[in-house]
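Residue numbers (UniProt numbering): 1 to 359.
A virtual CB, placed ideally from N, CA and C, is assigned to each residue, including glycine.
Treat the numbers as computed from the prediction; the structure is a model and nothing was measured.
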């Protein structure tokens with residue numbers, strides 16, 4: 001299940017190796033051009049190379065995950081001099097590339113990869129960028145691209161499109177979820193979809209769907225459907241139904257200590273396949289908590305996932321809430337953007353808003 005984009009080194013991430021990078025200037029970084037090209041926000045023209053041909057003005061840096069699904073079969077950049085870019089094979093190399101971007105004061109950070117790549121880059125950026133974050137452009141080239149779907153970035157949006165949007169694109173704002181361990185200093189993780197309990201098992205199912213070619217939002221839907229079926233037709237002692245004992249402290253001071261089947265949180269406004277587990281579409285950090293064992297899950301699941309806000313859902317143990325932050329103690333682990341992390345005492349909060357370029 002653990003598929004880190006950039007290998008070992010990121011705090012609280014398990015080692016997973018990474019793709020080799022191309023050496024450049026004594027550092028193991030794949031890189032095009034010398035320094036960040038300066039790109040102006042005038043109307044873009046296409047040059048003979050197929051890359052946008054522009055005057056100088058904006059600085060652009062790009063991080064590419066060469067292990068991403070759609071990147072595996074294509075050349076990366078092919079010597080473009082429009083931007084400074086890196087394809088890191090470790091978190092140390094990722095930090096070095098981002099530090100170089102920060103030093104050159106890039107205006108736009110392009111992230112070419114899926115949700116896992118975005119999570120790793122944003123988490124590392126919190127350690128590197130001491131001032132405001134640059135505007136971000138996402139190229140959805142991974143197995144799962146929930147953030148891109150939420151932003152309205154088309155599946156065929158290319159790196160060239162992202163570079164062009166740096167001069168002409170629109171802006172949408174999203175705040176990441178920030179997850180850190182209580183008592184540990186420094187920035188934690190930044191992502192957009194948090195879950196524990198049955199969501200950990202459902203994500204394992206989603207990883208299996210990747211092996212048979214279910215990408216983009218389909219894997220998420222198949223995982224949730226499989227989770228419902230595993231729960232609905234299992235006996236009372238089945239591990240899907242039993243839930244986990246969790247302790248939660250809400251921002252208003254209330255403490256909850258109970259067995260929960262699932263806790264899900266997100267700052268995304270639109271989930272893949274039109275799923276609406278948090279109810280109506282809206283901004284902010286939203287949570288869904290389901291008591292264990294879940295009651296009438298076959299009847300409630302279609303209504304819950306389609307966004308129904310019927311009052312009886314709360315009465316039988318399906319709880320929704322909007323909040324800025326909470327602390328939660330989870331014994332077995334949690335998922336952030338498809339990645340499994342060890343459990344413990346966690347702070348989960350809405351992070352500072354980020355600006356994303358869209359077509």
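For residue j and residue i, the rounded distance between their alpha carbons
| i | j | result |
| --- | --- | --- |
| residue 329 | residue 335 | 14 Å |
| residue 257 | residue 193 | 23 Å |
| residue 147 | residue 83 | 24 Å |
| residue 291 | residue 319 | 8 Å |
| residue 103 | residue 161 | 25 Å |
| residue 149 | residue 272 | 7 Å |
| residue 99 | residue 128 | 6 Å |
| residue 307 | residue 337 | 21 Å |
| residue 141 | residue 205 | 21 Å |
| residue 314 | residue 137 | 38 Å |
| residue 143 | residue 277 | 22 Å |
| residue 327 | residue 195 | 13 Å |
| residue 303 | residue 252 | 29 Å |
| residue 117 | residue 65 | 7 Å |
| residue 379 | residue 170 | Only positions 1 to 359 of the chain appear in the structure, and residue 379 is not among them; the question remains open. |
| residue 96 | residue 85 | 12 Å |
| residue 87 | residue 186 | 25 Å |
| residue 348 | residue 275 | 22 Å |
| residue 145 | residue 293 | 31 Å |
| residue 89 | residue 113 | 14 Å |
| residue 289 | residue 231 | 16 Å |
Inter-residue CB distance, residue i and residue j (contact presumed, cutoff 8 Å)
| i | j | result |
| --- | --- | --- |
| residue 119 | residue 339 | 7 Å |
| residue 262 | residue 197 | 4 Å |
| residue 124 | residue 91 | 7 Å |
| residue 174 | residue 108 | Rounded, the Cβ-Cβ distance is 16 Å, inconsistent with contact. |
| residue 181 | residue 346 | 6 Å |
| residue 331 | residue 245 | 7 Å |
Assigned exposure category for residue i - 16 Cβ within 10 Å defines buried
| i | result |
| --- | --- |
| residue 105 | exposed |
| residue 93 | buried |
| residue 43 | Confidence at residue 43 is low in this model, with a pLDDT of 34, below 50, so its placement is unreliable and no value can be given for it. |
| residue 312 | exposed |
| residue 357 | buried |
| residue 259 | exposed |
| residue 188 | buried |
| residue 61 | buried |
| residue 282 | exposed |
| residue 184 | exposed |
| residue 115 | buried |
| residue 163 | buried |
| residue 310 | exposed |
| residue 178 | buried |
| residue 168 | exposed |
| residue 280 | exposed |
Residue i at chain D interface by Cβ criterion, 9 Å
| i | result |
| --- | --- |
| residue 290 | Of the protein chains in this structure there is only one, and it is not chain D. |
Chain-order list of residues whose beta-carbon lies under 6 Å from that of residue i (same chain, five-residue window excluded)
| i | result |
| --- | --- |
| residue 121 | 63, 111 |
| residue 284 | 322 |
| residue 287 | 265, 321 |
| residue 101 | 61 |
| residue 255 | 249 |
| residue 172 | 151, 356, 358 |
| residue 247 | 257, 329 |
| residue 325 | 251, 349 |
| residue 25 | For residue 25, the predicted structure reports a pLDDT of 29, less than 50, and the residue's modelled location is therefore unreliable. The matter cannot be settled from this model. |
Same chain, Cβ closer than 8 Å to residue i, five either side skipped, listed in chain order
| i | result |
| --- | --- |
| residue 295 | 316, 317 |
| residue 158 | 139 |
| residue 165 | 137, 357, 358, 359 |
Own chain partners of residue i with C-beta closer than 7 Å, once the 5 adjacent residues on each side are dropped
| i | result |
| --- | --- |
| residue 176 | 122, 190, 191, 192, 267, 351, 354 |
| residue 199 | 262, 264, 335 |
Residue i Cβ short of 8 Å to the ligand COA heavy atom set
| i | result |
| --- | --- |
| residue 257 | The model depicted lacks the ligand COA and carries no ligand whatsoever. |
Would you call the stretch 297-305 and the stretch 147-154 in contact, with 3 or more CB pairs under 8 Å? no
So, do the stretch 341-357 and the stretch 124-139 have three or more beta carbon pairs nearer to each other than 8 Å? yes
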